[in-house]
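In terms of this note's numbering, the sequence shown is residues 160 to 239.
A virtual CB, placed ideally from N, CA and C, is assigned to each residue, including glycine.
Nothing here was measured: the structure is a model prediction, and the numbers come from that model.
Here is the structure we will look at, set down as structure tokens.
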Amino acid sequence: MTGILWLDDSDVEVTKKIRDAARCYQVKLGEPATLCYANPSDVPEAMRVGQMVVEPRMNIRPHHFLVGRANDAPPLREAA
């Protein structure tokens with residue numbers, strides 16, 4: 160996975176944090192995120208947020224969200 164690491168330790172709902180991270184990813188990279196990894200203390204079990212799969216991973220620190228595109232996700236832009 161290639162993506163951005165988002166930190167949000169505010170008290171807002173975790174799905175809003177993930178949506179904010181995904182919005183930032185799309186603005187910066189021009190395509191939607193398909194995958195998010197989060198600490199199990201934030202996301203105890205796999206779920207979906209919009210079109211994105213969210214999975215708990217022990218190697219992600221609490222309040223951090225690794226948001227991006229899965230390596231096997233089809234490219235959305237044509238190669239130049």
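Proximity below 8 angstroms, CB of residue i to CB of residue j
i      : j      : result
Ala229 : Val213 : no
His222 : Leu164 : no
Met217 : Pro199 : yes
Met160 : Leu194 : yes
Contact set for residue i: own chain, Cβ-Cβ below 8 angstroms, skip 5 residues either direction
i      : result
Ala192 : Gly162, Ala180, Ala181, Tyr184, Gln185, Met211, Val226, Gly227 and Arg228
Ser169 : Lys176
Option nearest residue i by Cα separation, candidates the options
i      : options                   : result
Arg220 : Glu172, Val208 and Asp201 : Asp201
Cβ-based neighbour list, residue i, same chain, cut-off 7 angstroms, excluding 5 preceding and 5 following
i      : result
Met206 : Val213
Leu166 : His222 and His223
Collapsed DSSP secondary structure at residue i in the structure displayed
i      : result
Ile177 : helix
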